[in-house]
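Taking it in order: structure first as structure tokens, then the write-up.
2 protein chains.
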Amino acid sequence: MILDKNSPIPQYFQLQTWLIEQIEQGVFKPNDKIPTEAEFVQLTELSRATIRQAVQNLVNMGYLERKKRLGTFVINRKIDSNKNTIVGILIPDIRSGYAPELARGAEDEAAKNKHSLILCNTDDLFTSAEFHANRLTDHHVSGVIFVPTAASDAKNRLIIEKFTRNDIPVVLADRTIPDLKVDHITTDNFQGAYTLTEYLIRKGHNKIAMILSTLFSTERERLRGYKQALTDHGIPVDESIILTDNSPFIEMRYLNYAKKLLKRPNDLTAIFAGHDRIALQFYLAANDLNIKIPDHISLVGYDDLHFNTISLTTMHQPIYEMGVESMKLILARIRGEKKEPQKIKLKSYLVERSSVKQVGT
Amino acid sequence: MILDKNSPIPQYFQLQTWLIEQIEQGVFKPNDKIPTEAEFVQLTELSRATIRQAVQNLVNMGYLERKKRLGTFVINRKIDSNKNTIVGILIPDIRSGYAPELARGAEDEAAKNKHSLILCNTDDLFTSAEFHANRLTDHHVSGVIFVPTAASDAKNRLIIEKFTRNDIPVVLADRTIPDLKVDHITTDNFQGAYTLTEYLIRKGHNKIAMILSTLFSTERERLRGYKQALTDHGIPVDESIILTDNSPFIEMRYLNYAKKLLKRPNDLTAIFAGHDRIALQFYLAANDLNIKIPDHISLVGYDDLHFNTISLTTMHQPIYEMGVESMKLILARIRGEKKEPQKIKLKSYLVERSSVKQVGT
DNA sequence: ATTGTATAATTGTATAGACAATTATACATA
DNA sequence: TATGTATAATTGTCTATACAATTATACAAT
Numbered sequence: 000m001i002l003d004k005n006s007p008i009p010q011y012f013q014l015q016t017w018l019i020e021q022i023e024q025g026v027f028k029p030n031d032k033i034p035t036e037a038e039f040v041q042l043t044e045l046s047r048a049t050i051r052q053a054v055q056n057l058v059n060m061g062y063l064e065r066k067k068r069l070g071t072f073v074i075n076r077k078i079d080s081n082k083n084t085i086v087g088i089l090i091p092d093i094r095s096g097y098a099p100e101l102a103r104g105a106e107d108e109a110a111k112n113k114h115s116l117i118l119c120n121t122d123d124l125f126t127s128a129e130f131h132a133n134r135l136t137d138h139h140v141s142g143v144i145f146v147p148t149a150a151s152d153a154k155n156r157l158i159i160e161k162f163t164r165n166d167i168p169v170v171l172a173d174r175t176i177p178d179l180k181v182d183h184i185t186t187d188n189f190q191g192a193y194t195l196t197e198y199l200i201r202k203g204h205n206k207i208a209m210i211l212s213t214l215f216s217t218e219r220e221r222l223r224g225y226k227q228a229l230t231d232h233g234i235p236v237d238e239s240i241i242l243t244d245n246s247p248f249i250e251m252r253y254l255n256y257a258k259k260l261l262k263r264p265n266d267l268t269a270i271f272a273g274h275d276r277i278a279l280q281f282y283l284a285a286n287d288l289n290i291k292i293p294d295h296i297s298l299v300g301y302d303d304l305h306f307n308t309i310s311l312t313t314m315h316q317p318i319y320e321m322g323v324e325s326m327k328l329i330l331a332r333i334r335g336e337k338k339e340p341q342k343i344k345l346k347s348y349l350v351e352r353s354s355v356k357q358v359g360t
Numbered sequence: 000m001i002l003d004k005n006s007p008i009p010q011y012f013q014l015q016t017w018l019i020e021q022i023e024q025g026v027f028k029p030n031d032k033i034p035t036e037a038e039f040v041q042l043t044e045l046s047r048a049t050i051r052q053a054v055q056n057l058v059n060m061g062y063l064e065r066k067k068r069l070g071t072f073v074i075n076r077k078i079d080s081n082k083n084t085i086v087g088i089l090i091p092d093i094r095s096g097y098a099p100e101l102a103r104g105a106e107d108e109a110a111k112n113k114h115s116l117i118l119c120n121t122d123d124l125f126t127s128a129e130f131h132a133n134r135l136t137d138h139h140v141s142g143v144i145f146v147p148t149a150a151s152d153a154k155n156r157l158i159i160e161k162f163t164r165n166d167i168p169v170v171l172a173d174r175t176i177p178d179l180k181v182d183h184i185t186t187d188n189f190q191g192a193y194t195l196t197e198y199l200i201r202k203g204h205n206k207i208a209m210i211l212s213t214l215f216s217t218e219r220e221r222l223r224g225y226k227q228a229l230t231d232h233g234i235p236v237d238e239s240i241i242l243t244d245n246s247p248f249i250e251m252r253y254l255n256y257a258k259k260l261l262k263r264p265n266d267l268t269a270i271f272a273g274h275d276r277i278a279l280q281f282y283l284a285a286n287d288l289n290i291k292i293p294d295h296i297s298l299v300g301y302d303d304l305h306f307n308t309i310s311l312t313t314m315h316q317p318i319y320e321m322g323v324e325s326m327k328l329i330l331a332r333i334r335g336e337k338k339e340p341q342k343i344k345l346k347s348y349l350v351e352r353s354s355v356k357q358v359g360t
């Protein structure tokens with residue numbers, strides 16, 4: 000016991016700090032009995048009242064638990080704090096794309112364990128994400144599920160650091176950021192795009208345009224998968240029919256792209272839209288131009304959003320499951336399970352509807 | 000000072016209880032200075048240590064604040080707790096209908112004030128709502144926005160009582176429950192349906208079917224508006240073309256209703272769907288049966304969901320605004336503004352697209 | 001087998017007193 | 001005007017002590 004009698008730091012506070020250290024370093028483990036107050040009096044040569052003051056503070060802080068007649072024990076904070084945990088989720092916009100599905104998955108899993116989920120909409124903006132990050136830190140949430148924004152990797156890293164500096168674990172969902180020691184969970188966009196492209200090739204297509212936003216790792220991965228599938232099937236990659244955009248998703252912009260692409264006289268037989276909302280714009284554009292899908296041109300999307308009135312062949316992403324799994328991951332971190340950062344890739348599967356026609360032979 | 004020296008209740012605890020009472024009854028008001036420890040020693044004839052024990056507990060509980068040299072003061076808990084408040088929202092399902100829009104409105108308003116929103120999905124089930132209510136109470140949320148479930152009024156009342164018993168204010172959103180002293184905010188469904196029906200009548204329709212679920216106050220109000228509009232225009236209400244259902248919304252069921260109604264040989268010229276998701280089923284059914292909307296029959300919906308591919312004339316509900324306003328209401332209650340329960344009705348407006356044809360002259 | 005009783009260990013409650021640290025205020029000094 | 005200093009009120013820290021309440025355990029009585 001190293002208490003400095005002459006230090007300006009109060010004795011009770013020294014003792015309290017020492018105790019916390021011992022607990023956090025695992026010298027006193029959960030459920031361990033710490034010395035009795037009488038023993039502490041002998042050990043420290045302080046009065047019992049002072050001992051009690053230190054111990055009482057730790058009880059209030061949730062480190063210790065007193066049991067009459069038995070002594071004072073270290074609480075298993077992990078189990079304890081595991082009740083009624085609050086987790087934050089940072090998604091672009093709860094109104095669009097897969098966000099509702101993701102939120103629902105996360106919420107269901109949280110609710111199952113009596114935890115709660117705080118919703119934050121970033122609109123894919125760094126400033127907004129930063130604002131919410133501050134708020135969540137103020138609220139002392141126990142963990143965060145973060146869908147990185149459309150901002151640069153560096154800026155997204157700032158957000159994550161904001162949390163980790165405050166000992167709040169983070170799980171990245173859907174999109175990743177390179178070289179970062181945090182858990183992340185994505186769908187296998189490379190494999191999915193590969194499968195989808197291969198499907199088109201099998202259907203006889205070999206002039207397949209791709210249109211996507213390069214802003215997100217997800218779509219860049221899809222582009223990789225698309226190119227790889229073409230290459231593996233001996234079809235040269237034609238950069239002139241790969242249309243990339245690096246600004247946030249705006250319907251009108253993609254509607255115009257779609258119209259341009261559909262009007263352009265070329266021998267395209269199929270279009271691979273980077274995600275379903277892009278595909279939707281193609282439907283609308285095609286409708287406008289009196290082009291029939293799949294009769295005149297085939298179309299595939301990616302996401303499997305619930306479009307009730309159009310019958311789009313697309314990759315179904317297990318978004319609900321992603322929500323569930325990210326919550327499981329973050330809860331494991333909150334419980335303090337220390338492993339290497341996990342990189343989970345969920346499998347997507349192809350949903351064949353009627354936007355692709357067999358061509359050629 | 001009434002302390003019972005002989006009571007088995009500890010002196011410090013008696014003092015502490017008495018102090019809380021004084022504070023909560025407003026005898027000691029926020030920012031008031033309470034007697035100094037020395038004064039308490041005189042008043043109570045207890046030792047200073049005992050006084051301190053009671054006061055320290057109240058400090059820990061957030062009732063009091065010590066200031067060296069100045070004394071001990073009552074904290075203004077309202078102002079204090081007004082920062083970083085957490086509000087719960089109970090909606091049917093974040094994935095469907097207007098829920099995302101409502102949640103977004105509420106979240107934006109909350110974020111603006113540095114508050115946070117906990118998301119709960121009830122699936123319109125009482126048991127689920129009850130579960131979440133318990134969870135939110137455990138978390139000590141400061142207020143709740145509640146979209147009543149499809150269960151009976153009595154059961155929804157139980158949920159609300161659960162909150163009010165714990166001094167958690169509640170705002171009802173979208174749907175109402177009769178005879179309840181809580182704030183609520185709805186759109187004016189009567190007026191909206193009246194406007195919509197009148198619109199159809201002006202377009203020459205006088206044989207207008209209505210199909211709806213009677214489970215929710217919203218749709219029952221719409222039915223009232225529909226009937227009133229007919230009556231006011233001298234059109235007799237024909238109960239045989241009013242199709243009601245009182246089970247939760249299931250797409251298949253309504254698809255079948257739609258098919259039956261569309262197949263039935265009658266002189267219907269227009270259909271008023273209780274909400275957009277019902278209208279969507281009519282689109283799908285019509286498509287199946289090769290019936291063109293609006294050429295063969297006109298259709299209106301209610302909600303203005305974001306259907307990208309169909310062009311439905313419908314009532315736009317200011318759902319985002321409803322989210323914002325319910326958050327404002329609940330925050331006002333949390334701040335302790337005591338008024339009569341407010342009943343706010345937001346105006347909807349008609350969005351004319353192309354699902355209604357002019358008939359007759 | 002159940003119920004009651006004594007014991008002892010430990011925390012819980014309480015007293016009386018002492019000195020330290022902090023800080024608003026007033027006053028003094030540069 | 002700005003800065004330093006003394007004062008006094010109040011909370012902060014700490015000692016030494018005493019008895020009460022709680023309860024696991026062992027053992028006795030029924």
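Protein chains in written order, with numbering that gives the first Met the number 0: chain A, 0 to 360; chain B, 0 to 360. Think of the CB as a built atom: it goes at the ideal place given N, C-alpha and C, for glycine as much as any other residue.
| Query | Result |
| --- | --- |
| Could you give the DSSP three-state label for B/Asp107: helix, strand or coil? | helix |
| Against A/Asn59, what residues of chain B qualify as contacts under a CB-to-CB distance less than 9 Å, listed in chain order? | Asn59 |
| What residues match up with A/Tyr301 in a beta bridge as DSSP calls it? | A/Met314 |
| For the segment 82–96 of chain B, which residues have a beta carbon sitting closer than 9 Å to at least one beta carbon of chain A? | Lys82, Asn83, Ile85, Gly87, Ile88, Asp92, Ile93, Arg94 and Ser95 |
| Can you find a C-beta in chain B that's less than 7 Å from the C-beta of A/Pro99? | yes |
| Hey, does B/His295 have any beta-carbon neighbour from chain A nearer than 7 Å? | no |
| Does B/Asn30 get closer than 7 Å to chain A when you measure Cβ to Cβ? | no |
| Can you name, in chain order, every residue of its own chain whose Cβ lies under 6 Å from the Cβ of B/Glu351, other than the five neighbours on each side? | Thr312 |
| Do you know whose CA, among A/Phe130, A/Lys66, A/Ala109 and A/Phe125, lies nearest B/Asn120's CA? | A/Ala109 |
| Which residues bound the alpha helix (DSSP H) around B/Ser127? | Phe125 to Asp137 |
| Check whether the Cβ of B/Arg103 lies closer than 7 Å to any Cβ atom in chain A. | yes |
| Could you name the residues of the segment 112–136 of chain B whose beta carbon sits closer than 9 Å to any beta carbon of chain A, in the order they occur along the chain? | Lys113, His114, Ser115, Leu116, Ile117, Leu118, Cys119, Asn120, Ser127, Phe130, His131, Asn133, Arg134 and Leu135 |
| I'd like to know whether the C-beta of B/Asn289 is nearer than 7 Å to at least one C-beta of chain A. | no |
| With a floor of 3 residues, list each beta strand (DSSP E) that falls wholly inside the segment 151–203 of chain A, ordered by position along the chain. | 169–172 and 182–186 |
| Do you know offhand how far A/Ser325's Cα is from B/Asp237's? | 53 Å |
| So is A/Lys262 buried or exposed if we call it buried at 16+ other beta carbons inside 10 Å? | exposed |
| Determine the extent of the beta strand (DSSP E) in which B/Tyr348 is found, giving its start and end residues. | Tyr348 to Val350 |
| For the segment 81–91 of chain A and the segment 136–153 of chain A, state whether three or more C-beta atom pairs, one from each stretch, are separated by less than 8 Å. | yes |
| Around the C-beta of A/Asp79, are 16 or more other C-beta atoms found within 10 angstroms, so that it is buried, or is it exposed? | Low local confidence applies: a pLDDT of 49 at A/Asp79 is under 50, so the model's placement there is unreliable, with the coordinate-based value given in what follows. The residue is exposed, with fewer than 16 neighbouring Cβ atoms inside 10 Å. |
| Of the choices A/Leu118, A/Gly203 and A/Pro99, whose alpha-carbon is the least far from that of A/Met321? | A/Pro99 |
| Establish whether the CB of B/Asn307 and some CB of chain A are separated by less than 7 Å. | yes |
| Quick check on B/Glu336: does DSSP put it in helix, strand or coil? | coil |
| Can you list the residues of chain B that A/His361 reaches, using a CB-CB cut of under 8 Å? | This structure does not reach residue 361 of chain A, given that chain A is present from 0 up to 360, and the question cannot be answered. |
| Which residues, in order along the segment 257–283 of chain A, keep a beta-carbon less than 8 Å from a beta-carbon of chain B? | Leu279, Tyr282 and Leu283 |
| Does DSSP put B/Lys258 in a helix, in a strand, or in coil? | helix |
| Rounded C-beta distance between B/Leu14 and B/Leu2? I'm assuming under 8 Å. | 7 Å |
| Could you have a look at A/Asn120 and say whether DSSP puts it in helix, strand or coil? | strand |
| Applying the 10 Å Cβ sphere with the 16-neighbour rule, what's the burial state of A/Ile249? | exposed |
| Using CA coordinates, which residue listed in A/Asp92, A/Ser127, A/Asp173 and A/Ile184 is at the minimum distance from A/Leu423? | A query on residue 423 of chain A cannot be resolved here, the shown segment of chain A reaching from 0 to 360 and no further. |
| A/Thr217 by DSSP, collapsed to three states: which one? | helix |
| Under a CB-based cut-off of 7 Å, is A/Glu108 close to chain B? | no |
| Sort A/Glu197, A/Thr16, A/Val169 and A/Ala208 by Cα distance to A/Ile184 and report the nearest one. | A/Val169 |
| Look up B/Asp31 in the DSSP assignment and say whether it is helix, strand or coil. | coil |
| Any beta carbon of chain A sitting closer than 7 Å to that of B/Asp79? | For B/Asp79, the predicted model reports a pLDDT of 49, less than 50, meaning its position is unreliable; a value from the coordinates is still stated below. False, the Cβ-Cβ gap to chain A never drops below 7 Å. |
| Is the separation between the beta-carbon of A/Ala192 and that of A/Tyr225 shorter than 7 Å? | yes |
| Looking at B/Gln316: is its Cβ nearer than 7 Å to the Cβ of B/Ser353? | no |
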